[in-house]
Ligand code: GLY
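In this note's numbering, the protein residues as written are 455 to 827.
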């Protein structure tokens, strides 16, 4: 994708981010084109689906601040970050990376504000408290004291490792990086199938740590490949490779990326699950494309050869161009989101063919990276 269409895409993202200033609370998905929001200070975080996404709104403001240097974006981001600092102690979920990386870590990297660093370090320690030593995995759901879901991890959890790698480098305990590395090793052995596709969920015996088998929660079937999960895996393994220098993580990221690219339809907008028998009539998930594009750029940066770098960078650019041309709201001023055609949870009937705040975040991140790197 040439610089000029990318510049158009960035200008479009900035216009949408400007409109977010007027949205009260935290958007998570659209309904009939309008953002639905949650308040992170509500004690029950209803609707539960949105509670892992509160970091993406300040994240979008930070991306805008990074490219424009305009203080108003930093002010908007900081004001929103303050509203969910209490989640750093949330022991019920692995989502702490999604919540604190685009918001607090990115904000700290851009401004050096020490409270952002302190809270993000606290969140990293809370996340590490979910590590199952026997099975060497971070459990996805439920508090560490509860038995329900005690043996389950997900491919999404790979994305949360970046909080741990960052924390270990930012003065936290080096143990945090050890936990992240062990979780990535376990995920590579269990969640990744021999053909480079992924399970959404993997179940272990929580006491002995013995691996039991792969399942799904949000995908079409246990044996299918949920495209957003595959995208989280590309990004997560590429970052783990960059942080550890491990050739096996790099190879896993390549295998996941190659599988994702092979399963894209001709128009490059992923179906929500690559194996839904309703394809080509099945819903798309534009957010999977945006996340995968960021993962491909991370992989391009971690690649050991200029050919590898160019291959994955070009693939990312093609996906972003397709999303901008065929799945963005640039010709739909009535729509709040940047990307149309996201699918959050198809089987639950939740936010199907809508804009999703994380799709908008990773699309903007990819555009910024393509223009910058
Ligand atoms: N929990 C992350 C996702 O739905 O993709």
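Beta carbons are placed, not taken as given, at the ideal position from N, Cα and C, and that holds for glycine.
Is it true that the CB of residue j sits closer than 8 Å to the CB of residue i?
i           : j           : result
residue 638 : residue 630 : no
residue 491 : residue 542 : no
residue 793 : residue 817 : yes
residue 673 : residue 654 : yes
residue 432 : residue 510 : As shown, the chain starts at 455 and ends at 827. That puts residue 432 outside it, with no answer to give.
residue 616 : residue 686 : no
residue 778 : residue 459 : yes
residue 708 : residue 724 : no
residue 646 : residue 704 : no
residue 829 : residue 588 : Here the chain has residues from 455 to 827 only, and residue 829 is not among them.
residue 554 : residue 605 : no
residue 743 : residue 715 : no
residue 545 : residue 505 : no
residue 530 : residue 552 : no
residue 626 : residue 578 : yes
residue 487 : residue 788 : yes
residue 813 : residue 805 : no
residue 474 : residue 521 : no
residue 700 : residue 640 : no
residue 766 : residue 775 : no
residue 838 : residue 808 : Since the first residue of the chain shown is 455 and the last is 827, residue 838 is not available in this structure.
Taking only three categories from DSSP, how would you classify residue i?
i           : result
residue 499 : Note that residue 499 has pLDDT 46, beneath the 50 cutoff, so the model's placement of it is unreliable and no number is given.
residue 691 : helix
residue 775 : helix
residue 477 : coil
residue 483 : strand
residue 805 : strand
residue 646 : strand
residue 572 : helix
residue 655 : strand
residue 490 : strand
residue 591 : strand
residue 732 : coil
residue 585 : strand
residue 834 : Examination of residue 834 is not possible in this model, given that the chain is present from 455 through 827 alone.
residue 764 : helix
residue 547 : strand
residue 841 : Here the chain comprises residues numbered 455 to 827, so residue 841 is not present and cannot be evaluated.
residue 812 : helix
residue 738 : strand
residue 602 : coil
residue 628 : coil
residue 700 : coil
residue 797 : strand
residue 670 : coil
residue 607 : strand
residue 462 : helix
residue 660 : coil
residue 665 : strand
For residue i and residue j, which I take to be in contact (beta-carbon distance under 8 Å), what is that distance rounded to the nearest angstrom?
i           : j           : result
residue 513 : residue 815 : 5 Å
residue 618 : residue 688 : Rounded, the Cβ-Cβ distance is 18 Å, inconsistent with contact.
residue 821 : residue 467 : 6 Å
residue 592 : residue 683 : Rounded, the Cβ-Cβ distance is 15 Å, inconsistent with contact.
residue 810 : residue 741 : 5 Å
residue 584 : residue 548 : 6 Å
residue 482 : residue 507 : 5 Å
residue 712 : residue 803 : At roughly 32 Å, the Cβ-Cβ gap does not stay under 8 Å, so residue 712 and residue 803 are not in contact.
residue 729 : residue 679 : 6 Å
residue 770 : residue 747 : 4 Å
residue 696 : residue 752 : 7 Å
residue 656 : residue 644 : 4 Å
Consider the Cβ of residue i: report whether some Cβ of chain D lies at a distance smaller than 8 Å.
i           : result
residue 530 : Given the protein chain composition of this structure (a single chain), no chain D is represented.
Pocket of the ligand GLY (residues with CB nearer than 5 Å to any heavy atom), chain order = 610 and 682
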